[in-house]
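The sequence shown maps to residues 214 to 758 in the working numbering.
Have a look at the structure below before the remarks.
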Amino acid sequence: MTPAQVWQDFNTEEKLDIVKNDETTENHCAYLVVTVTALKTEQGLLRAVLEIYKPLDKPSDKAVIIVQEYAQRAQRDIVYDLVSKGYTVIIPDCSGIGENYRTEFPVGLEYGDISKAGDHIKKVCPTAKDTCQYLYTAIVRRAATFVIRELKISDIAVIGIGDGVEVAMQAAGCDHRFKALVCVNGAGYKEYLHINKYGDKRELEIDEQMMCWLTGVASVAYAKHISAPVMIAIPSNSDKADIDRLSNLLALLGDNHVSIVITPNSRSSVSQAAYQTIAKWLKGALSGKKLLKRPKTVLSVSDGVVYAEAQADRTKDIKDVYIYYSYGEYDHLVRNWKRADSVAISKTQFIAKLKIDQNKGPLFAFCDIIYKEGFCLSSAETYALLEDLDFKPDVEDSGRIVYEGSMGVASFIEESDKPILLKSGLTQAVTPIGLKGVKSEFGRLLNFDIGRYARQNKGKILQIDVYSDKDITLKIKLTVKGSKGKVEEYEAVSPMKASSGAFVSHKFEANDFKNSKLFSLEDWDSVKAICILNNDAIIGKILFI
Numbered sequence: 214m215t216p217a218q219v220w221q222d223f224n225t226e227e228k229l230d231i232v233k234n235d236e237t238t239e240n241h242c243a244y245l246v247v248t249v250t251a252l253k254t255e256q257g258l259l260r261a262v263l264e265i266y267k268p269l270d271k272p273s274d275k276a277v278i279i280v281q282e283y284a285q286r287a288q289r290d291i292v293y294d295l296v297s298k299g300y301t302v303i304i305p306d307c308s309g310i311g312e313n314y315r316t317e318f319p320v321g322l323e324y325g326d327i328s329k330a331g332d333h334i335k336k337v338c339p340t341a342k343d344t345c346q347y348l349y350t351a352i353v354r355r356a357a358t359f360v361i362r363e364l365k366i367s368d369i370a371v372i373g374i375g376d377g378v379e380v381a382m383q384a385a386g387c388d389h390r391f392k393a394l395v396c397v398n399g400a401g402y403k404e405y406l407h408i409n410k411y412g413d414k415r416e417l418e419i420d421e422q423m424m425c426w427l428t429g430v431a432s433v434a435y436a437k438h439i440s441a442p443v444m445i446a447i448p449s450n451s452d453k454a455d456i457d458r459l460s461n462l463l464a465l466l467g468d469n470h471v472s473i474v475i476t477p478n479s480r481s482s483v484s485q486a487a488y489q490t491i492a493k494w495l496k497g498a499l500s501g502k503k504l505l506k507r508p509k510t511v512l513s514v515s516d517g518v519v520y521a522e523a524q525a526d527r528t529k530d531i532k533d534v535y536i537y538y539s540y541g542e543y544d545h546l547v548r549n550w551k552r553a554d555s556v557a558i559s560k561t562q563f564i565a566k567l568k569i570d571q572n573k574g575p576l577f578a579f580c581d582i583i584y585k586e587g588f589c590l591s592s593a594e595t596y597a598l599l600e601d602l603d604f605k606p607d608v609e610d611s612g613r614i615v616y617e618g619s620m621g622v623a624s625f626i627e628e629s630d631k632p633i634l635l636k637s638g639l640t641q642a643v644t645p646i647g648l649k650g651v652k653s654e655f656g657r658l659l660n661f662d663i664g665r666y667a668r669q670n671k672g673k674i675l676q677i678d679v680y681s682d683k684d685i686t687l688k689i690k691l692t693v694k695g696s697k698g699k700v701e702e703y704e705a706v707s708p709m710k711a712s713s714g715a716f717v718s719h720k721f722e723a724n725d726f727k728n729s730k731l732f733s734l735e736d737w738d739s740v741k742a743i744c745i746l747n748n749d750a751i752i753g754k755i756l757f758i
């Protein structure tokens, strides 16, 4: 079934049969919970719960429908922030994860409850209409009807988060009442996530069932039907979005206006800067303002040196332009993205020299254009093979020091269990006796730079210097890519007493780290990233001895 066939009988104008469940105030918002009829089926009525948050002190003429992750409720701090900016925010309980009130799935459609989804979340059973995604998209579309009919708001954006992006894209592709689409930590092509676009001989196995899924359920089947402007905000190393396939998605979206913001080296969260970009972009998109053109990155070689050129829209004043690049690794999950500062060669062109210490393998690059108004736009990634470039590699850094306090915070990324970091807690911290280090106030410290040192320090000891003003158990995870290409995590712990101000050295051998099956890490060669889980400690130095 094609998207048109899947949705040809769906009626957005049927009666909603609204029941008000709750009405109160919450965090300076007017809070309302209602139940509406999302679908009338032979099995019975699908009664969906909608949570509505509205500004208390002023009327709202713009609305945002958030499609939360299938098994995780949307961040309320994001909801409150959007309401403070004047939006009415609607959160449909698509998958039955509501707290006080839950969507009611009739007998025969119980699979809509994510805890009972079974194969319906990943297969046509037997048609595209017999999937969780169909039920969830129907709920989102009926939420739009509620907004237009009951709240009298016609300017509506839909924001998908994580796997909820699949539903948000489907809704925007079959319902043109949405004026903007935002994809957070998801960007289609979910079926291809564990198959590298480049350097991988494997292909997606497409049997009849998979073909039916890709034709009528997968978000990419709806991409070419999306007419609203699109914002894509993803971490570069995400396991829910493949940065390499953004170019494929852009081709499907065609002439549609698409903006991108990438959080480099992050696996699970988009940064505070990315969220600020989303908020700025959303305001412009729903106001019908002309949006900035997406920047572009071009690779070139001159006099044996590799350069990356960023081409930017100068309609608004630019503050900084950075080039992020990674080489030698096809798997986007474990790439180490380095940052290069650029210099202006014209009003719209900026160029940066890339330091590369090998001449074989892939090279990836994208640019970040940071505007003075407080937002950032990224280009889509560009790709080349190093062996096709006529350049002279730089001398490889054979040092042992992954990090020390004088390096600042540039090599770290801050992550949390939340998909969006509304605030940044990544800082250069100082111990009571004046020793410098790095600290994350809200989340975890992640560093991919360790990968380029690990392979040079076979058989050595990993030392991590830590300060804490209380007794803690230091928790360290290493991301490892084995010889068969499988990415795993190995963990080690080390108790420590509160320090008076000096760093305490924790020493680890490779076999101190264990995976989920309690197998020991054999050596450092395959280590790609290190993650310090403690947000109550200052890291002073990471090195091999």
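Note that CB positions come from ideal geometry on N, CA and C, so glycine has one too.
Because the structure is a prediction, the values reported are computed rather than measured.
Query, Result
"With which residues is Ser733 paired in a DSSP beta bridge?", "Lys727"
"Ignore the nearest five residues each way along the sequence and tell me which others in Arg390's own chain have a CB closer than 6 Å to its CB.", "Ala357"
"Note down the Cα distance separating Asp420 from Phe577, rounded to an integer number of angstroms.", "32 Å"
"Taking Cβ positions, are Ser308 and Tyr349 nearer each other than 8 Å?", "yes"
"Below 8 Å on the Cβ atoms is my guess for Thr595 versus Leu512; work out the distance and round it to an integer in Å.", "6 Å"
"Please go through the same chain and pick out, in chain order, the residues whose beta-carbon is closer than 6 Å to the beta-carbon of Ser653, but skip the five residues on each side of it.", "Glu627, Gly638, Leu639 and Asn748"
"Is the Cβ-Cβ distance between His438 and Gly386 less than 8 Å?", "yes"
"Could you tell me the alpha carbon to alpha carbon distance between Asp530 and Lys585, rounded to whole angstroms?", "6 Å"
"Between Leu495 and Ala393, how many whole angstroms is the CB-CB distance? I'm expecting something under 8 Å.", "6 Å"
"Apart from the five residues just before and just after Tyr314, which ones in its own chain have a Cβ nearer than 6 Å to its Cβ?", "Asn234, Val246 and Val262"
"Can you pull the DSSP bridge partners for Glu704?", "Lys690 and Lys727"
"Using a Cβ-Cβ cut-off of 8 Å, state whether Asn469 counts as contacting chain B.", "Included in the structure is just one protein chain, with no chain B present."
"Assuming Asp581 is part of the beta strand (DSSP E), what are its boundary residues?", "Pro575 to Tyr584"
"Give the range of the alpha helix (DSSP H) segment to which Glu428 is assigned.", "The sequence given here has Thr at residue 428, not Glu. That run of the alpha helix (DSSP H) goes Glu421 to Gly429."
"My assumption, with CB atoms under 8 Å, is that Pro508 sits in contact with Ile582. Please give the rounded CB distance.", "5 Å"
"From the DSSP output, read off the bridge partner residues of Gln562.", "Gln524"
"First and last residue of the alpha helix (DSSP H) that includes Gln218?", "Pro216 to Trp220"
"State the start and end residues of the unbroken beta strand (DSSP E) segment that holds Tyr537.", "Ile531 to Tyr540"
"Measure the C-alpha to C-alpha separation of Thr344 and Val353 and round it to an integer number of angstroms.", "15 Å"
"Apply the 10 Å Cβ neighbour rule to Met424 and answer buried if 16 or more other Cβ atoms are within range, or exposed otherwise.", "exposed"
"Quick one: what's got a C-beta closer than 8 Å to Val760's C-beta in the same chain, skipping five residues either side?", "Residue 760 lies beyond the range of the chain shown here (214 to 758); nothing can be said about it."
"Just reading off the beta strand (DSSP E) that Met444 is part of, what are its end residues?", "Val443 to Pro448"
"I'd like the list of long-range same chain contacts for Asp570, defined as Cβ closer than 8 Å, with 5 residues on each side in sequence excluded.", "Pro606, Asp607, Val608, Glu609 and Asp610"
"So what does DSSP say about Lys342, is it helix, strand or coil?", "helix"
"How close, in whole Å, do the beta carbons of Glu600 and Gln562 come, if the pair is a contact with beta carbons under 8 Å?", "Incorrect: roughly 27 Å between the Cβ atoms, too far for contact."
"Please name the residue, chosen from Ala381, Thr248, Leu252 and Gln489, that lies closest to Tyr283 on a Cα-to-Cα basis.", "Ala381"
"Checking the sheet assignment: what are the DSSP bridge partners for Phe757?", "Leu675"
"Return the first residue and the last residue of the beta strand (DSSP E) that Gln641 is part of.", "Leu639 to Val643"
"Apart from the five residues just before and just after Ser619, which ones in its own chain have a Cβ nearer than 8 Å to its Cβ?", "Lys649"
"Assuming contact is defined by CB atoms lying nearer than 8 Å, are Phe655 and Leu634 in contact in what I supplied?", "yes"
"What residues in its chain sit with their C-beta under 7 Å from that of Ala723, if we drop five residues either side in the sequence?", "Leu734, Glu735, Asp736 and Trp737"
"On the criterion of 16 or more Cβ atoms from any shown chain inside 10 Å, does Ala623 qualify as buried, or is it exposed?", "exposed"
"Identify, in the order they occur along the chain, each residue of the same chain with its Cβ nearer than 6 Å to the Cβ of Pro477, setting aside the five sequence neighbours on each side.", "Ser449, Tyr537 and Trp550"
"What's the call for Ala431, buried or exposed, on a 16-neighbour Cβ count within 10 Å?", "buried"
"So which of Asp452, Ser629, Ala441 and Asp230 has the shortest CA-CA distance to Tyr405?", "Asp452"
"Would you say Lys787 and Lys741 are within 8 Å of each other, going by their C-beta atoms?", "With the chain covering 214 to 758 only, the question about residue 787 has no answer from this structure."
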